[in-house]
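Colleague:
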Amino acid sequence: MQKREILDFFTKNRSMSVGISILLIYLIAAIFAPLLSPHDPYEQNLDVRLSGPSREYPFGTDQFGRCVFSRILYGARISITIGIAAVLFGLIIGSGLGIIAGYRGGLTDLVLMRLMDVLMSIPALILALAVVAALGRSIPNMILAIGINALPLFARLSRSSVLSIRTMEYIEASEAIGTNSFNIIRYHVFKNCFSPLLIFSTLHTASAILMAAALSFLGLGVPPPTAEWGLMTAEARVYLRQAPYLVIFPSMVILVLVLGFNLIGDRLRDMLDPKLRF
Amino acid sequence: MDEKPLLEVKNLSVNFYIRHGVVNAVTDASFKIRKNEILGLVGESGCGKSVTALSILRLLLEPPAKIMGGRILYKGEDLLEKTEKEIREIRGKEISMIFQNPLSSLNPVLTIGFQVSEPIILHQNLKNDEEVKRRTVEILRQMGIPEAEKRLKEYPHAFSGGMRQRTMIAMALSCNPSLLIADEPTTSLDVTIQLQILKLMRNLRRDVGSSILLITHDFGVAAQLCDTIAVMYAGETVEYGSAVDVLKDPKHPYTKCLLRSIPRIDVDIERLEPIKGSVPNAMNLPDGCRFHPRCPYMIEDTCEKIKPEARQLTEGRLVRCHLYGR
Amino acid sequence: MDLIEMRDVKKHFPIYSGILPKVVGHIKAVDGISLSIEQNEVLGLIGESGCGKTTLGKVALRLLDPSEGSIFFEGIDIAKKKHDDLLSFKKKTQIIFQDAHSSLDPRSSIGLSVEEPLRTHKMFQDRAKRKERVVELLEEVGLESEHYDRYPHEFSGGQKQRICIARALALDPKFVVADEPVSSLDVSVRAQILNLLKDLQAKYHLSILYISHDISGVKYISNRVAIMYLGKIVELADQNEIFKNPCHPYTKVLLSSVPVPDPETREEVKLLKGEVPSPIDPPKACRFHPRCDCCTPECKEREPELRRIKKGHFVRCLSFKDLG
Amino acid sequence: MRMKKYILKRLLWIVPLIFLVQTLLFLLLTVIPGDIAVLIATPNAPPETIEALREELGLERPLIVQYIDYVTSVFRGDLGKSFIFRLPVSEILVGRLINSLELVTVGMMIAVVAGIPLGVIAAIKRDSLYDRFICTGVLFGISVPLFFIELMTILIFGLYLGWFPVSQRGGPIWTVEGLRHIILPALCLASICLAMIVRLTRSSMLDVLSEDYILTARSKGLKERVVIVTHALKNALIPVVTVIGLQYGFLFGNTVVTEVIFDWPGIGRLTYESIIMRDFPLIRGAVLCIALVFIVINLLVDLIYLRLDPRIEYD
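Protein chains in written order, with the numbering used here: chain A, 10 to 287; chain B, 2 to 327; chain C, 7 to 330; chain D, 27 to 341.
#1: What are the residues that DSSP puts in a beta bridge with R312 (chain B)?
#2: What residues from chain C crowd round S183 (chain A), counting only those whose CB sits closer than 7 Å?
#3: Rounded to a whole number of angstroms, what is the C-alpha to C-alpha distance between V24 (chain B) and N282 (chain B)?
#4: Can you tell me where the beta strand (DSSP E) holding S212 (chain B) begins and where it ends?
#5: Mind checking if I186 (chain A) is an interface residue toward chain C, Cβ cutoff 8 Å exclusive?
#6: Which same chain residues end up closer than 6 Å to G50 (chain C) when comparing Cβ atoms and leaving out the 5 residues on each side of it in sequence?
#7: Are there three or more Cβ pairs, one per stretch, closer than 8 Å when the segment 80-97 of chain B is compared with the segment 48-59 of chain B?
#8: With DSSP as the reference, identify every bridge partner of M233 (chain B), one or two as the case may be.
#9: What does S245 (chain D) touch in chain B if you count any residue whose Cβ is under 7 Å from its own?
#10: Measure from the alpha carbon of I62 (chain D) to the alpha carbon of each residue in D:T49, D:E77, D:I287, D:F111, then state which is nearest.
#11: To be precise: take each residue of the segment 162-181 of chain A, compare its Cβ to all Cβ atoms of chain C, and keep it if any distance is under 7 Å. Which residues remain?
#12: Please identify the residue among C:N251, C:I21, C:S42, C:L242 whose C-alpha is closest to the C-alpha of D6 (chain C).
#13: For R246 (chain A), go through chain D and note every residue whose CB falls closer than 7 Å to its CB, in chain order.
#14: Please list, in chain order, the residues of the segment 196-208 of chain A that have any C-beta partner in chain C closer than 9 Å.
#15: Helix, strand or coil for M2 (chain B)? Go by DSSP, reduced to three states.
#16: Measuring alpha carbon to alpha carbon, tell me which residue in A:P232, A:F270, A:N192, A:W238 is nearest I168 (chain D).
#17: Does the beta-carbon of G133 (chain D) have 16 or more other beta-carbons within 10 angstroms, so that it is buried, or is it exposed?
#18: Could you tell me the distance, in whole angstroms, from the CA atom of M10 (chain A) to the CA atom of P158 (chain C)?
#19: Could you name each continuous alpha helix (DSSP H) segment of 4 residues or more that falls completely within the segment 126-181 of chain C, going from the start of the chain to the end?
#20: Can you say whether D275 (chain A) is buried or exposed, counting buried as having 16 or more other CB atoms within 10 angstroms of its CB?
#21: Run through DSSP, which three-state label would K16 (chain C) get?
#22: Bridge partners for P114 (chain D) per DSSP, in chain order?
#23: Given that a residue counts as buried once 16 or more other Cβ atoms are within 10 Å of its Cβ, and exposed if not, what is K34 (chain C)?
#24: Can you tell me whether V117 (chain B) is helix, strand or coil according to DSSP?
#25: Is S14 (chain B) helix, strand or coil when you go by DSSP?
#26: Measure the beta-carbon distance from E80 (chain C) to S213 (chain C) and round it to whole angstroms, keeping in mind my assumption that it falls under 8 Å.
#27: Quick one: is A243 (chain C) buried, meaning 16 or more other Cβ sit within 10 Å of its Cβ, or exposed?
#28: Of the choices B:A224, B:A235, B:L260, whose alpha-carbon is the least far from that of S243 (chain B)?
#29: When the Cβ atoms of the segment 153-168 of chain D are set against those of the segment 305-325 of chain D, are three or more pairs found closer than 8 Å?
#30: Three-state secondary structure (DSSP) at Q100 (chain C)?
#31: Thinking just about the alpha-carbon of each residue, which of C:E74, C:R136, C:E122 is nearest to the one in G187 (chain A)?
#32: For a contact meaning CB atoms closer than 9 Å, what does H127 (chain C) contact in chain A?
#33: Buried or exposed: W200 (chain D), going by 16 or more other Cβ atoms within 10 Å of its Cβ?
#34: When DSSP labels each residue in this structure, what does M177 (chain A) get in the three-state scheme?
#35: Locate the alpha helix (DSSP H) running through V253 (chain D), then write down its first and last residues.
#36: Report yes or no: do three or more beta-carbon pairs, one from the segment 105-120 of chain D and one from the segment 182-194 of chain D, lie closer than 8 Å?
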């Protein structure tokens, strides 16, 4: 694409550019957290406990006198990692299973999809809680707990795309030529599954981040004193009346990041596949 | 011939404003239908014939559509100037419409009986449910639906294609309209069923005396049913005249070429003569005469620059072409 | 010589039902069809929707596996062969679909689509040579080399069908099934594609099974014509014979139902009574008897054979009396 | 006839489904955690205590025996005994489940009653100011963390304004106290699912409005209100109903957060507490119970779906 075209694209897609800008800001915050943060996120300074936003502490300090702004910057690393990793887990395994089920059909399809039904029959957050209860609190376990919920969704989506692609005549035309299944999947099915999967991945990253925040908020995500937004909110709950900003800042940060993913996902859907509905 | 027309469309023009630009769906459509007449509006897909039909009943969604100009006179009154309430009184009662795809035109979650009785309840002052039901069954039976009474409670998906189109026609005719607009009523049907539907429409004119505006892309269908034919190309009516005149002695190059390019069952043809190129994009229409890039009779320096006006050749015969200039 | 010969081919699709799915019936889409197509011949197959004509076309190319019967291609029965052994058969046969739009992968460039058969059959390993061949094919069907890198959505319906034809020709096939190739096109473009098919057929001596419900189109392009009703061939004859002298009652009604674009020949045509019966449970004996005006008691009892009434003219009807 | 068969088929699938869910829970909450006795005993407990605990819980038996015992006893209605409460799990669950159902159902009702009209309005007035406003609201609704809404609600309506109580259940819902207590948590819970319902109703309605049969309805001369309500809405609601079923599960998950924040004595909070206290039989029981409810709700939704869509193929 030419420079002009890129510029054109962004002026015409305002919500998309807002979303991308949000993501970029968060990425910068996550990558350069050590450079950008004014304080050590774990350094306690009991002299300045629960002090409101000031020049020294832009977002104030928490009950241990830690700099909320610095903690939020560091928190970006965790939330983004968990969100993206959980979706990648669901995307790779789930859509792999879905494509196999959709293309092979028959018994394979039946068994795989019934297993997905089992995962679907437990509400997402409850399943995540159960997984964390079994495995214990840690970042990889959270990724797994959230990723498992994404499995059946990706499997169903990719299966239904495969089924609709399979009925297309270009697949039949390809079979008429004598192309084998492997090449048909490689040349035709993958390419055409791509856009619904891309859209769904973006939108699902938003829910994954929300779920991670909820898990941490319940104290079943990452262990303290990790700087994680959900956990920070949970810890600030007790001081809701005294220091509402302790709740507002980390929550707003989650809200904006999730909003960013949703903006991009919505716009992608409108552009690539307006018939899709999630 | 000088009888006052039932419906007259004069220089109708409709645009669609969509994200990518402006679509000139109809730019200059003119024709008239007399009482008890069947007019065929013939043209290829995208020539604006359906949009014209929808504009008559003001069924276009505005936006994106916008009627840019022209008049649609029904019994001497301009339909375009009527209020929403007034036009609703005309819809279904005075003028009714049937559509191309009889499956998607029937509501899948409502019963046949409900859908057919709706216009009856709305437009006819019947005393009670019993009478409404009687009328519903009667009209369905007239349209050749066997065991109509039993089928009132069925849903459209249980009907075959031909039966669905009969139901649509029954719905359209339930209030004895003066004008029936039929938008490609047989396109999605098999030939044997097409024949049944065409016969139904012919009888309708004979028995009820309705006028019909038949929209089709098939010259065969038009020839078998219509008294008069208007040919449309790229949003304009290019030729208008009696069916015999237009089909036996076409004047406009588009009509001529189109007739030469269709295979026929009644004549042995060694080789078809296709029209070169393809139908122009309605967002980017050629200047001058819209047919000139595909026209074998193009006059240099004239056709690509000057837009031809519709000229009257003989009584009731109009052609929009520079070849028939003064 | 016959290039392809189908002998008593059947294709029944099972219908499942019940809690533990079991077969409760069959859709008898193709129910015992014998048909052969010679080299350099266009066989038109006419039938109304749901009569099984598309299924027959797909079975002939082994896109669907026949339930019964044999299909001889160049003398070899390919009906029971494993899919892996069909590669050389598939190389010599091709299909063109009705909807050119959905038969092109929207995310593959035109060049990539047309070259797919070459890649699959490992011809022209050299990239430049392969591209050369693709461009040659595009030009053959009336497109230009600059279209190579474009995507399907940039083309009109007629052009897309040309691309499909180019793809079908890539491997120099001997037998092509054309399933309603012009039905979804604009009227003014149909003639272009029909002529293109006709020219290419003559140039490459192709055998074509031309499937359509558009009877005039079939008349124009075919050498021989078969009429299909509910999974069976009811009449088969040379093109001029069948249109001049249709013998089966169904053929007669069908052919006279076609509206002629001549307002002066408006005849009152006989209407066909009733509806097409379900292919799950077709009428016993003659399948057409419930709708037939010439139905005799025998027609309800005995299943008619496809019998020869004169050279090259076959009819499946008991009440037809051969006068000639 | 075919409909009955379909319903029967759906009902019969529930049995293996529950069995598979049980298997999953057994793997997750018995096999993976390892030696539960060690996990629940106090950190420095002497080996004899752990051994006794193991004995008491039947953990020394081979896994397969435990598995069979677990699966069969569930089908007898026995969910085991809670470590902490020392009571049969099923006894603890019943009251809690009803409390949660009450909260979730009220939330869902609010979301449906408000969501469908909003979605319809947005669709009818597409691209208008209303539509923009509703769509922006939806975007925020699906992006906001539930605990944030709830904490803010507590802060504003509970702590600053003091209009409503912000913790505990106030008794049955038909009493004034009960209503006052449920209103805030139910509203919060509704808000996240409201966004989804509005969004889906809107898009589904837009699809339906572009269908040919709407044109047919208008061509009959029907009033626009009739076209929308009789002809469009019934079709547009079909996908919405499916999603309401799925959203029930979503709410049942999120009610954990709500119940923790509002101190609501429901099954969500119970699950949470049992996880914190490592009361494995109770966790298993609660999760299974929630799954069961969710399965039943989805079945009901499917049946409603059948009523709505006469085209349905029962396969």
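Beta carbons are placed, not taken as given, at the ideal position from N, Cα and C, and that holds for glycine. Source: prediction; values computed, not measured.
Modeller: Reading from the atomic positions:
#1: For R312 (chain B), which the question treats as bridged, DSSP gives the partners B:V320.
#2: Residues of chain C passing the Cβ test: E122.
#3: A straight line joining the alpha-carbon of V24 (chain B) with that of N282 (chain B) spans about 9 Å.
#4: Start and end: 212-217.
#5: By this cut-off, I186 (chain A) is an interface position.
#6: Once the five neighbours on either side are set aside, the close Cβ partners of G50 (chain C) are Y216, V224, S228, V231.
#7: Yes, they touch.
#8: As DSSP reads the structure, M233 (chain B) sits in a beta bridge with B:T238.
#9: Here the neighbours are L58, L60, R92, G93, S97, M98.
#10: It is D:E77.
#11: For the segment 162-181 of chain A, which is checked against every Cβ of chain C, the residues closer than 7 Å are M177, E178, Y179, E181.
#12: For residue 6 (chain C) there is no data in the structure shown, the boundaries of chain C being 7 and 330.
#13: Neighbours of R246 (chain A) across chain D, judged by C-beta separation under 7 Å: L177.
#14: Answer set for the segment 196-208 of chain A: Y196, H197, K200, N201, F203, S204.
#15: Residue placement at M2 (chain B) cannot be trusted, given a pLDDT of 44 that sits under 50; what the coordinates show is reported in the next sentence. DSSP places M2 (chain B) in coil when its eight states are reduced to three.
#16: Measuring from the Cα of I168 (chain D), the nearest candidate turns out to be A:F270.
#17: It counts as buried.
#18: Interpretation of M10 (chain A) is limited by its pLDDT of 47, a score under 50 that renders its predicted location unreliable; no figure is taken from the coordinates.
#19: Listed in chain order, the alpha helix (DSSP H) elements of length 4 or more contained wholly in the segment 126-181 of chain C are 133-146, 163-175.
#20: Flag for D275 (chain A) reads buried.
#21: K16 (chain C) falls in the strand class under three-state DSSP.
#22: DSSP lists D:K107 as the bridge partner or partners of P114 (chain D).
#23: The residue is buried, with at least 16 neighbouring Cβ atoms inside 10 Å.
#24: Of the three classes helix, strand and coil, the one that applies to V117 (chain B) here is helix, per DSSP.
#25: DSSP places S14 (chain B) in strand when its eight states are reduced to three.
#26: About 11 Å; that fails the 8 Å criterion.
#27: The residue is buried, with at least 16 neighbouring Cβ atoms inside 10 Å.
#28: Looking at the Cα atoms, B:A224 is the closest of the given residues.
#29: In this structure the segment 153-168 of chain D does not lie against the segment 305-325 of chain D, because fewer than three pairs of beta carbons, one per stretch, are closer than 8 Å.
#30: Strand, per DSSP.
#31: Selected option, being the one with the closest Cα: C:E122.
#32: Within chain A, the residues near H127 (chain C) are I186, G187.
#33: W200 (chain D) should be labelled exposed.
#34: M177 (chain A) carries a coil assignment under DSSP once its states are collapsed to helix, strand and coil.
#35: In the DSSP assignment, V253 (chain D) falls outside any alpha helix (DSSP H), carrying neither H nor E.
#36: Touching, no, given that fewer than three Cβ pairs across the two stretches are closer than 8 Å.
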